[in-house]
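Notes follow the structure.
Number of protein chains: 2
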Amino acid sequence: MRTVNVGLIGLGTVGAGVVRILQEHHEDFLRNQGVDLRLVACASREAQQAEDLGISDIFSFDGFDVINNPDVDVVIELVGGTTIAKEFVLAALKAGKHVVTANKALMATDGREVLELAQKNGLEVALEASVGGGIPIIGPLTHSLTANRIDSVMGIVNGTTNYMLTRMSEDSLDYATALAEAQAKGFAEANPSADVDGFDAAAKIAILASIAFNTSVTMDQVPTEGITGISPVDLDYAREMGYCIKLLALAHRTPEGLDIRVHPTMLPLSHPLASVNGVFNAIYVVGDAVGETMFFGQGAGAGAAASAVVGDLIEIARHLTYEQKPMPSHNGHQPMPIKPMDDLVTSYYLRLPVEDRAGVLATSAAVFAQNGVSIFSVVQRGAHDQTAELAYVTHSAREEAVRASLKGIAETGILTGEPVLIRVEDSEA
Amino acid sequence: MRTVNVGLIGLGTVGAGVVRILQEHHEDFLRNQGVDLRLVACASREAQQAEDLGISDIFSFDGFDVINNPDVDVVIELVGGTTIAKEFVLAALKAGKHVVTANKALMATDGREVLELAQKNGLEVALEASVGGGIPIIGPLTHSLTANRIDSVMGIVNGTTNYMLTRMSEDSLDYATALAEAQAKGFAEANPSADVDGFDAAAKIAILASIAFNTSVTMDQVPTEGITGISPVDLDYAREMGYCIKLLALAHRTPEGLDIRVHPTMLPLSHPLASVNGVFNAIYVVGDAVGETMFFGQGAGAGAAASAVVGDLIEIARHLTYEQKPMPSHNGHQPMPIKPMDDLVTSYYLRLPVEDRAGVLATSAAVFAQNGVSIFSVVQRGAHDQTAELAYVTHSAREEAVRASLKGIAETGILTGEPVLIRVEDSEA
Numbered sequence: 074m075r076t077v078n079v080g081l082i083g084l085g086t087v088g089a090g091v092v093r094i095l096q097e098h099h100e101d102f103l104r105n106q107g108v109d110l111r112l113v114a115c116a117s118r119e120a121q122q123a124e125d126l127g128i129s130d131i132f133s134f135d136g137f138d139v140i141n142n143p144d145v146d147v148v149i150e151l152v153g154g155t156t157i158a159k160e161f162v163l164a165a166l167k168a169g170k171h172v173v174t175a176n177k178a179l180m181a182t183d184g185r186e187v188l189e190l191a192q193k194n195g196l197e198v199a200l201e202a203s204v205g206g207g208i209p210i211i212g213p214l215t216h217s218l219t220a221n222r223i224d225s226v227m228g229i230v231n232g233t234t235n236y237m238l239t240r241m242s243e244d245s246l247d248y249a250t251a252l253a254e255a256q257a258k259g260f261a262e263a264n265p266s267a268d269v270d271g272f273d274a275a276a277k278i279a280i281l282a283s284i285a286f287n288t289s290v291t292m293d294q295v296p297t298e299g300i301t302g303i304s305p306v307d308l309d310y311a312r313e314m315g316y317c318i319k320l321l322a323l324a325h326r327t328p329e330g331l332d333i334r335v336h337p338t339m340l341p342l343s344h345p346l347a348s349v350n351g352v353f354n355a356i357y358v359v360g361d362a363v364g365e366t367m368f369f370g371q372g373a374g375a376g377a378a379a380s381a382v383v384g385d386l387i388e389i390a391r392h393l394t395y396e397q398k399p400m401p402s403h404n405g406h407q408p409m410p411i412k413p414m415d416d417l418v419t420s421y422y423l424r425l426p427v428e429d430r431a432g433v434l435a436t437s438a439a440v441f442a443q444n445g446v447s448i449f450s451v452v453q454r455g456a457h458d459q460t461a462e463l464a465y466v467t468h469s470a471r472e473e474a475v476r477a478s479l480k481g482i483a484e485t486g487i488l489t490g491e492p493v494l495i496r497v498e499d500s501e502a
Numbered sequence: 074m075r076t077v078n079v080g081l082i083g084l085g086t087v088g089a090g091v092v093r094i095l096q097e098h099h100e101d102f103l104r105n106q107g108v109d110l111r112l113v114a115c116a117s118r119e120a121q122q123a124e125d126l127g128i129s130d131i132f133s134f135d136g137f138d139v140i141n142n143p144d145v146d147v148v149i150e151l152v153g154g155t156t157i158a159k160e161f162v163l164a165a166l167k168a169g170k171h172v173v174t175a176n177k178a179l180m181a182t183d184g185r186e187v188l189e190l191a192q193k194n195g196l197e198v199a200l201e202a203s204v205g206g207g208i209p210i211i212g213p214l215t216h217s218l219t220a221n222r223i224d225s226v227m228g229i230v231n232g233t234t235n236y237m238l239t240r241m242s243e244d245s246l247d248y249a250t251a252l253a254e255a256q257a258k259g260f261a262e263a264n265p266s267a268d269v270d271g272f273d274a275a276a277k278i279a280i281l282a283s284i285a286f287n288t289s290v291t292m293d294q295v296p297t298e299g300i301t302g303i304s305p306v307d308l309d310y311a312r313e314m315g316y317c318i319k320l321l322a323l324a325h326r327t328p329e330g331l332d333i334r335v336h337p338t339m340l341p342l343s344h345p346l347a348s349v350n351g352v353f354n355a356i357y358v359v360g361d362a363v364g365e366t367m368f369f370g371q372g373a374g375a376g377a378a379a380s381a382v383v384g385d386l387i388e389i390a391r392h393l394t395y396e397q398k399p400m401p402s403h404n405g406h407q408p409m410p411i412k413p414m415d416d417l418v419t420s421y422y423l424r425l426p427v428e429d430r431a432g433v434l435a436t437s438a439a440v441f442a443q444n445g446v447s448i449f450s451v452v453q454r455g456a457h458d459q460t461a462e463l464a465y466v467t468h469s470a471r472e473e474a475v476r477a478s479l480k481g482i483a484e485t486g487i488l489t490g491e492p493v494l495i496r497v498e499d500s501e502a
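Protein sequence lines correspond, in order, to chains P and R.
Taking our numbering, the leading residue of the first sequence gets 74, the next gets one more, and so forth.
Taking our numbering, the leading residue of the second sequence gets 74, the next gets one more, and so forth.
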């Protein structure tokens, strides 16, 4: 049996996880999968990790040494980002190497360029680890679920924000406290923007939608809102109404095009995604034949992401070992227009901080009526400081009309602060 | 591009679902997957369904006509059972046809014979639809999760019993009423034994364990208990203690061998499987790298099972279209001893109907102590008819010692009826 020689660029947490799996499970993979995987080259900016892992003998500071090593069959790219990582990936494909990557930013930005080059050169690019950590989701979408026209993909794909929202909901923490706690536990970075502003989730839904709908969406096309405006009071209102609030990354097929977005979302407590708490991730997929499915697991962590990376590697290694020809993928690639947010029709939760005086309810309700926004429920609560809160939930309404209503209400002068708008995802509403 | 010619044996609900998907999505599969699938032969015991589907021209009453049709590349077997279906599958493999099957009983009984013949003849046997309806689980286990040593597979894999237990829990229905309701809704057969006695679940866990642990387990090796002994009162006790009761099919890798069984199980309400209600199925998998994962969806229904069948078909069709060589599978096949139930160590819920008189608590507690079974909690409740109930939960104990305790307690003469034993699956207990 031939060996399959692996080159690894990036020896951070996930890279170290990959090395350990290859060291510990070499014999298992030989016996169970029939592949003889050998790590023959690795690169990183620091030599320490290679030393700790006992692989200094194959270490280089230069990723191109890995790519240009003639022994290497498959390059694993775990550098991240869209600059040098892109150079590595394209160079590897030009050098005739298959690629395994966990790089969501790259695949959500330049994925089409990467996949087309791979296809042209008869090579594979595998990216299971780029979405949902170790959760098998790209595999199922590209294999088991291919009989379906996929209608929806909705995911809790960012563990940091799901941890924060879970803590805010369970213990009424405010946003800042939840963030500090997540940072202390190592779930959030010092600069948390990619997570809390929704960009990480936007990259992941761009990748998932591209695969599920046989199209090409980039992360900059995804309307994105983070969780920085969410307060415990919104989580309380949500629970009273039978909802939770999750940062959802979602994509629906609609007659007007692809409805794709990332934002805090009220979800019925009965929804399968509603019980996904803490750092866990889950992706909910609806297909015309299969109906509802959900894929749940750890979205981050060395082991989980390394599981996905090595799973992809074994797949490629089996193809090499058993001399499979590369098969074309994504050959049904079709452009889909992105549905503008203004045209979105859904139900909305709107929390308005208002003056505590007669007429604020009538005034605000009148503005909604003028804009054709029909109200499903409203709760008014007084505070102790001459202010009050109106929490509206609308029937299905156009986003444009809801935005116009908020503008109109602001012009009446009754607001004492910024209103909060949270979209509701509820097929029953 | 070559066509891939499909023969279908069995035109029941799932078969009709397969035909409809092939009719409706032919162009999608051509564009997105690059396969030209043609249904060229079908067989069933009745001609009516073929007529309804507009495929009378390719219909035969004899499944062997499908198998022996020289045009057929892939045979889909949807007959079920282990008699004529086995003949069809073996004959198809001898005739050089790839096979897609949804037949859990066959694969859980004669799976090894079928897979070995396929391997010998360089053919594929795909069986995603045999477990969990449309839920991708065999695909993930054989592809995305291959980097892992799988430690546990636990599933709610029978929708009928999950529906019944959900109804019994939510509305305090008794077993007979829940069964009658399930039958009225078409979720349970007139003879419900395969579902309620756990045999269906046993077949499915035998298949899952064989794949997950690279071994060969047959359904007759799986210790199996159904749900016929469960009462609403057990569901009430469970809820009070923070548990639900599910019919779990589970398999754990242990130092002493494979711990595999099917029985009603108390599961903490915080467990991912605990929120899987009604007819839904879910399979929970723990791997050494990926940690906890779960796969959720519809375990039954024409569309769901047909989704899995056609997904498998497309996979084989891609291999044929792009001239892939068949790859060996399961080559790491290793025998694993089955751990005897007597050696099981877990926590137990034991509900004892007893006489309502002084001393029954002391008497029963003494018997547990004599057998070395340590008690975690006990609740005693009086009834209005001179009887009472003792609901014990033990710490981890050997099944043999628990069985001996029940025997000892029966010998004291305090029991007024059959005790109920439910195993608890709780890593915290």
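Cβ atoms here follow ideal geometry from the backbone N, Cα and C, with glycine treated the same way.
{"Query": "Residues bridged to Gly85 of chain P by DSSP?", "Result": "For Gly85 of chain P, which the question treats as bridged, DSSP gives no partner whatsoever."}
{"Query": "Under 8 Å, with one C-beta from each stretch per pair, do the region 468-477 of chain R and the region 279-296 of chain R reach the 3-pair mark?", "Result": "no"}
{"Query": "Counting pairs of Cβ atoms below 8 Å between the region 366-385 of chain P and the region 206-214 of chain P, do you hit three or more?", "Result": "yes"}
{"Query": "Please check if any C-beta of chain R sits within less than 8 Å of the C-beta of Ser380 of chain P.", "Result": "yes"}
{"Query": "Do the CB positions of Val108 of chain P and Thr394 of chain P come within less than 8 Å of each other?", "Result": "yes"}
{"Query": "In its own chain, which residues sit with a C-beta less than 7 Å from the C-beta of Leu103 of chain R, not counting the 5 before and 5 after it?", "Result": "Asp109"}
{"Query": "Does any residue of chain R bring its CB to less than 8 Å from the CB of Val172 of chain P?", "Result": "no"}
{"Query": "What's the gap between the Cα of Ile149 of chain P and the Cα of Glu396 of chain R?", "Result": "27 Å"}
{"Query": "If you measure beta-carbon to beta-carbon, which residues of the region 87-108 of chain R are closer than 8 Å to chain P?", "Result": "Gly90, Ile94, His98, Asp101, Phe102, Arg104, Asn105, Gln106 and Gly107"}
{"Query": "Tell me, please, whether the CB atom of Ile140 of chain P is closer than 8 Å to any CB atom in chain R?", "Result": "no"}
{"Query": "Determine the chain P residues that contact Thr219 of chain R at a beta-carbon separation under 7 Å, and present them in chain order.", "Result": "Gln106, Gly384 and Ile387"}
{"Query": "Alpha carbon to alpha carbon, how far is Ala282 of chain R from Asp268 of chain R?", "Result": "19 Å"}
{"Query": "With contact counted as at least three CB pairs below 8 Å, one residue from each stretch, are the region 409-417 of chain P and the region 433-451 of chain P in contact?", "Result": "no"}
{"Query": "Assuming Lys277 of chain P contacts Ala322 of chain P (C-beta within less than 8 Å), just tell me the rounded distance between them.", "Result": "6 Å"}
{"Query": "In the DSSP assignment, what are the bridge partners of Ile495 of chain R?", "Result": "R:Tyr422"}
{"Query": "Can you name the start and end residues of the alpha helix (DSSP H) that Asp307 of chain P belongs to?", "Result": "Pro305 to Glu313"}
{"Query": "Give me the subset of the region 225-250 of chain P whose CB atoms are less than 7 Å from a CB atom of chain R, sorted by chain position.", "Result": "none"}
{"Query": "Identify whether Phe286 of chain P lies in helix, strand or coil by the three-state DSSP scheme.", "Result": "coil"}
{"Query": "Quick check: Val152 of chain R and Val145 of chain R, are their CB atoms within less than 8 Å of each other?", "Result": "no"}
{"Query": "Three or more C-beta pairs under 8 Å: does that hold for the region 335-350 of chain P against the region 310-318 of chain P?", "Result": "yes"}
{"Query": "Alpha carbon to alpha carbon, what distance is there between Tyr357 of chain P and Ala381 of chain P?", "Result": "19 Å"}
{"Query": "Which two residues bound the contiguous alpha helix (DSSP H) that contains Arg476 of chain R?", "Result": "Glu472 to Thr485"}
{"Query": "Any residues in the region 343-356 of chain R with a beta carbon nearer than 7 Å to a beta carbon of chain P? Which ones, in chain order?", "Result": "Pro345 and Ser348"}
{"Query": "Using DSSP's beta-bridge definition, name the partner residues of Ala114 of chain P.", "Result": "P:Gly80"}
{"Query": "With 7 Å as the limit, tell me which residues of the region 182-216 of chain R have their beta carbon closer than that to any beta carbon of chain P; keep them in chain order.", "Result": "Glu201, Gly207, Ile208, Pro209, Gly212, Pro213 and His216"}
{"Query": "Give the DSSP-derived three-state secondary structure of Gln122 of chain P in the structure shown.", "Result": "helix"}
{"Query": "Taking Glu329 of chain P as the reference, which of P:Asp415, P:Asp273, P:Ala362 and P:Ser343 has the closest Cα?", "Result": "P:Asp415"}
{"Query": "Identify every run of the beta strand (DSSP E) within the region 192-259 of chain R, keeping only runs that are complete inside it and at least 3 residues long; order them along the chain.", "Result": "223-229"}
{"Query": "Would you kindly work out how many angstroms separate the C-alpha atoms of Val451 of chain R and Ser217 of chain P, rounded to a whole number?", "Result": "47 Å"}
{"Query": "Using the rule of at least 16 other Cβ atoms within 10 Å of the residue's Cβ for burial, across every protein chain shown, is Lys170 of chain P buried or exposed?", "Result": "buried"}
{"Query": "Please list, in chain order, the chain R residues whose beta carbon lies closer than 8 Å to that of Pro401 of chain P.", "Result": "Gly107 and Tyr395"}
{"Query": "Mind checking Pro401 of chain R: buried by the 16 CB within 10 Å criterion, or exposed?", "Result": "exposed"}
{"Query": "Does the region 346-353 of chain P come within contact of the region 173-181 of chain P, defined as at least 3 CB pairs closer than 8 Å?", "Result": "no"}
{"Query": "Just how far apart, CA to CA, sit Ser304 of chain R and Tyr248 of chain R?", "Result": "6 Å"}
{"Query": "Which residue marks the beginning of the beta strand (DSSP E) containing Ser380 of chain P, and which one marks its end?", "Result": "No beta strand (DSSP E) contains Ser380 of chain P, which is instead part of the alpha helix (DSSP H) from Ala375 to Thr394."}
{"Query": "According to DSSP, is Ser133 of chain R helix, strand or coil?", "Result": "strand"}
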